[in-house]
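Chains as they are written, first to last, in full-length UniProt numbering: chain X, 1 to 479; chain Y, 1 to 698.
This is the structure in C-alpha cells:
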C-alpha cells in the first residue's frame, strides 16, 4: 500500500492510464490505481474493432502487465470503490479495504444507460441470456461466447448512436443479419442532423443493415423463432441476439455521495480540480465549463494537464475540439465539433453537399472563414485536410469550403498525347532533352547516345519510345 | 601529388574512371580529355560501376562545367582593413596572416577561440585531416560540419537501434529484391535520379513502391502508393502502422524474440495510435493507412528507406527510430533484400561523419569521450591523449555561438556555404559578421566566401584525388583527371600549410594516398574500420564496403545477417512518441513551410548555379490552387513567404500536387533558409528544416 502520501486514481480506463503515464514520466508518485474491471487497462474505444476482427485482444492492452509494477504503480483490478471520505482522506472498497490518499483523482468514466425495456434484466438481476451490454472487455467476451457456437444468425442493436452503429457494422462483418433500433427520428442523433442521419441509414441499408428510427424497444419476449424484441410501433423483431448500446452517463455516484459539486459530471475547474482541492476529476466523469464529453481526446488532454498540474506546473485545460469518428469497415462517418450548435450561432454559414446516389452527405459550418464544425457521411476523401483546417482554425478563402467538398484528386501528369507534344517540351528532365531532340533521332540507342535521354532515372523511357514510334516518317523517306 | 590514375578496363585509354562530384550516389563516370590540345574534359558513362550502371543525371553530365569557369578563384584574397575590400595576396602572405591571427586569438581567449566548419562533400582524406588539424594543431574542441544538416538524425537513430550507423547496410541494388519499398521523405527521382532505376525494377518484378511526402513528387509519380501527410507527422504515421501490425497479428514475433529487445514498450505506445487518431494527426485517412499495412503485412521482403523528409525535424531521430521499429516489427533488418536504410544526401555524407570532423567523434566513428578511442587515435597521431580536446558544439550551436562571449572568435570553413545552407540564415550571417576572423576555402566566391576576411582558392573535383564513402558505405576513389589552374592549392595543402605555421609537431601529409593510409590506421578497430582498404583494392573491386578490418577481409556488403552491432547482438526497439513540430501553425502563420531540392541544382548551388548547361530557374514558391486562391497568388507572379525569422519573395508555382496547407521552397538559393527554424533535434542536433509555420501573401 502506497499510503497517505500517495496519489490514488479511481478508475483504470484510458484517462487514468494516460494520467499515470504522465506522472511516471515526471517521476511523481507513489500512485495507486483502482480499477473496477478484472482486466488491466485496455483501449476501450477499440472494443468494436475487436468484435469486428480487425484487432486481436492483446493489442488492446495499454501497457504490459509488468509495466505498472516496474514503474512503482500499484494497479488493483476488481477494486470497486464504494465510498469516499474526504475528511479522512480515504476511499473504501467493496471488499472493505480502506485506501488513504493525499491526492485523489476520479477517472471513473461513465456507466451505460440501460434502456427501459422489460425483460432485459431477469429477477436475479442478470441480463437475459440473449441480451448483451457493450461497454467492457468482459462484455465483448460474453458476446464472443454467444457467437462461438456459430448458430447465431440475427442480431438487433438497440441504440443508433456512434457505438451502436460500430457494433452493428462489426456484427454484419461477422456475417450476421443486423437490425438497429433507434428511439430518435434519425441515426446518430447527438452528432448528425436529420439529413446526415437519413443518408447514413440509406448507406447502412445498402450494406444489409436495416434501421428502425423513431422506434423504441419496450419488451423482450420469446417467440417461436427465438427471442423477440417488441417495439413501440407494434413490430416484433425476431432475433438471436440483442445488444444494448443506448448511451452512457458520467459515473458521478461516488462524488455525489461524498458531497462534491456535481452537475452532469463531477464539476472541475481549469486545473481539473473539483470543489475539494485534494480531489480531481478527468475523462468521461468530469464536467468542465458545463460540458461532459465522452471522447478520448479531451480525456487525454485533461490527463496531460492534470499530470502537469500535479507536478507543480501551471497547466490549464481550456477545452478540446472533438472529432467523432465512426470506426467500422466501409462505414464512413466523421463529425467535427458540434454542427447543430455551431450552425445556430449568428454569422454561421453552412456549405453542404448531399449525393443520395452515392450515399454521401457533407456539411461544413463556417464561421469567420474557418470550419468550426462539420458532418461528413459516406465520403471522407478530404477528411485529412478538413480536420487539419478545423483543428488549426485556418481562415479559408471564400471558395475553399466549396472546393473542399468537390471531389477532385490532385491530377497526376496528364496523359496528353505524345504526338501532340510540342518539340520544345522537356521529355527527359535528368538530361534536359526536348521532344524535338528525340524526334531527330532514329532509334532508342541513338537517342540515348546522342541526347543521353533515359540515362538518368529512366523515367522518360516510355515517352521516348512513343516519340520515336510516332515521329514523322518524312525523315526516313528522304534517306 | 598523386598522378592521374587511368584505368584501361574502364574504356578509352585516356579515360579516367572516377565519380560524380555531387550527391551520395557517387555515380561512376569517366572523364576523357577532349577539345583543342585536350584541355577540356568530357563526361562519359562508366557502365561497369554497379550503383548507376552508366546512368547519370543532368548534374553529372554537366559536371565539368566549372572547369575553366570565369568565376573560378585562382589567388588567395585578403580583406583590406582600410578599404574593406578583398584584394589578391600571395599564398604565404595569406597563410601567415591566418596562422598569426589564430595564434593571437587563442593566446588571448583560449584554444576554443578558433572554430572549424567542414562539409559532407569533402573527401575522407580532407575530413580526416581537418579533424586532426582541429584536435592536434589548433587544440580546439570547436569543430563540426554541415552533415548535421543532412542525415544526422538517421545516424543517431541507426546507432541507437542497430549499434552502428551505415546509411544503407546493404548495396543499393538490393532494393530491387524487395517486394515493398517504403520511401519516407525521399524524392530520389529528382535528387538522385539514377537511383530510380532500382525502384523501377521493383515494380517490373511486381513489387510495390510506397512514397510518403507532403508533395506528390516525381518520385511519387513512379510509386504505387502515395501518402501525403502533414509535414512533421511521419512519426505518428509510423506509430499507426505499428498499431495495425500489432492489431492484426502481423508482427514477426519469432524475430522480435530472437533478435531484438524493447518491443513491449513500443507496442504499448503504438496501442495509443489507432487509425482514426493517426488520421487526425497526419491527415492520412484510415483507409490509406489500412492499405499501407495490408501491403507491409503481406510482404515477404519489405524495405523502409528514410531521407531528409523524415530526418530534418526536431523529432527527426525519433521519426527515423519509429520507422526502424516498423522494419523490426516486420522482422526485416538483416534479411536479404529487406530492412531499413537511410538515403544519405551529400557526396561524402557517410564518410564525412566517420573520420573526425564531427564535434563528438574521432576517426573510425570513435567517440571522443571514450578513453580507449582517445588513446588509439593519439598513438596514431603521436601525441599525448590528454592533449586531445573533448566534445565541442554541434554545427548550428557552433554557428550560434560565433562572436558570443564564450564562443569562437574565428572560423575556418571548408566545403560549406553556410550563408545559404544554415537554418535561420539571417541570424547566422550576423554571427559570421561578429567574428574577428572568417577564413573560407572554396573554388568560387560563394555567398559565405564573400563575407570572409581571407578566401583561399582550392582545387575542385577532377583536379584532385581522394576517397568518398557513398550512401552504401562503399569506399570509392575519385581520381584526378586534369591539373588544377595555377594559383590553386588542395585543401590538404592548405591544412598542412596552416598546421606547419601553427608549429604543429604532428605530420600533415598532402598526398591523398598517404593521408588515406594514415586514416586507415586511425580507423582500425573502430566501428567504421577502413584498415584493410587501400587505393589499389578500391580500384580492383569497384569500391570496398566498410567495415574492412584487414587486407584479407572482403569488406562488408551486407550487415546484420546474424547479429546487430550492440554488445548483445540484438537490435533495439526504441520507444518514441509523436510530440509535433517545434513551431505549430497559428492565426498569424497559418501554413506549413517545407523545403527541399530540385533536379538541376545541388545543395547551396555554389557549384551548380554556375554551370551554364544547368537551368537556373531561381527560387520559387510551390503552393496548391486552393491556397493560391485564398491569398490571391497567381502562377508565375511573385508571392511573399514570411516566418518569425525572415521573409522571401519568389514567383509562385501553383500546382495541385502539394498539400493545400503547405508551401514548398527549394533551398539552393539565398532565401529559403532565412525562413527555416533553428529548433534542434535533442539527439542529432539536426535543425528543423522541413517544417515551420509561415504566412503567404501575394
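No residue lacks a Cβ here, since even glycine has one placed at the ideal position from N, Cα and C.
Predicted model, so just to flag it, every value in this text is computed and none were measured.
- The residue among 96/Y, 45/Y, 36/Y and 336/Y with its C-alpha nearest the C-alpha of residue 500/Y is 96/Y.
- Between residue 678/Y and residue 316/Y the beta-carbon gap is near 14 Å, outside 8 Å, which marks them as no contact.
- Put simply, the CB of residue 21/Y is far from chain X, with every gap to its CB atoms at 8 Å or more.
- Spatial neighbours of residue 321/X in its own chain (CB-CB distance under 7 Å, excluding positions within 5 residues in sequence) are listed in chain order as 337, 390 and 391.
- Annotated as distal: residue 27/Y and residue 65/Y, with beta-carbon spacing of 8 Å or more.
- For residue 355/X, there is no enclosing alpha helix (DSSP H); the residue is found in the beta strand (DSSP E) stretching over 349-355.
- In the displayed model, residue 443/X falls within coil according to three-state DSSP, outside both helix and strand.
- Residues of chain Y with a Cβ closer than 8 Å to the Cβ of residue 388/X are, in chain order, 230, 283 and 661.
- For the region 437-516 of chain Y, the continuous beta strand (DSSP E) assignments of 3+ residues that do not extend past its boundaries occur at 437-442, 454-457, 466-469 and 474-478, in sequence order.
- As DSSP reads the structure, residue 29/Y sits in a beta bridge with 18/Y and 45/Y.
- The straight-line gap separating the alpha-carbon atoms of residue 301/Y and residue 252/X is approximately 53 Å.
- Counting only Cβ-Cβ distances below 8 Å, residue 696/Y has no contacts in chain X at all, with the closest Cβ about 12 Å away.
- Considering only beta carbons, the part of the region 617-649 of chain Y lying closer than 7 Å to chain X consists of 626, 629 and 630, in chain order.
- A Cβ-Cβ separation of about 6 Å places residue 117/X in contact with residue 220/X under the 8 Å criterion.
- Interface annotation, residue 430/X: in contact with chain Y, CB-CB separation under 8 Å.
- If only complete runs of 3 or more residues are kept, the region 74-162 of chain X shows the beta strand (DSSP E) at 81-85, 90-93, 98-100, 103-106, 110-112, 131-133 and 154-158, in order along the chain.
- Of the candidates 366/X, 357/X and 19/X, 357/X places its Cα closest to the Cα of residue 199/X.
- Non-local C-beta neighbours of residue 285/Y in its own chain, meaning closer than 7 Å and more than five positions away in sequence, comprise 279, ordered along the chain.
- In the structure shown, the three-state DSSP call for residue 197/X is helix.
- Exclusion of the five residues before and after residue 192/X leaves 186, 200, 333, 335, 339, 375 and 377 as the residues of its chain whose Cβ lies within less than 8 Å of its Cβ.
- Residue 19/X is positioned such that its CB atom lies closer than 8 Å to that of residue 303/X.
- A straight line joining the alpha-carbon of residue 636/Y with that of residue 435/X spans about 24 Å.
- When C-beta atoms of the region 133-145 of chain Y are compared with those of the region 467-474 of chain Y, fewer than three pairs fall below 8 Å, so the two segments do not count as touching.
- Per DSSP, residue 666/Y is one residue of the beta strand (DSSP E) stretching across 662-666.
- Note that the C-beta distance between residue 121/Y and residue 605/Y is not below 8 Å.
- In chain order, 626, 627, 629, 630 and 660 make up the part of chain Y whose C-beta sits under 9 Å from the C-beta of residue 400/X.
- Here the region 482-497 of chain Y makes no contact with the region 318-330 of chain Y; the two share fewer than three CB pairs at distances below 8 Å.
- Taking C-beta atoms under 8 Å as the contact rule, residue 385/X and residue 661/Y qualify, at a distance of about 7 Å.
- If the five residues before and after residue 159/X are omitted, its C-beta is found closer than 6 Å to the C-beta atoms of 245 and 246, all from its own chain and listed in chain order.
- Excluding its 5 nearest sequence neighbours in each direction, residue 263/Y has C-beta neighbours in its own chain below 8 Å: 251, 256, 328, 329 and 573, listed in chain order.
- Within the region 280-343 of chain Y, the runs of beta strand (DSSP E) that reach at least 3 residues and sit entirely inside it are, in chain order, 302-306 and 339-342.
- The three-state secondary structure of residue 396/Y, taken from DSSP, is helix.
- Annotation: the continuous beta strand (DSSP E) that includes residue 7/X extends over 7-10.
- Within chain Y, 271, 272 and 274 have C-beta atoms less than 8 Å from the C-beta of residue 43/X, given in sequence order.
- Each residue's CA atom was taken as its position, placing residue 47/Y and residue 457/X some 15 Å apart.
- Where residue 228/X is concerned, the enclosing beta strand (DSSP E) starts and stops at 226-231.
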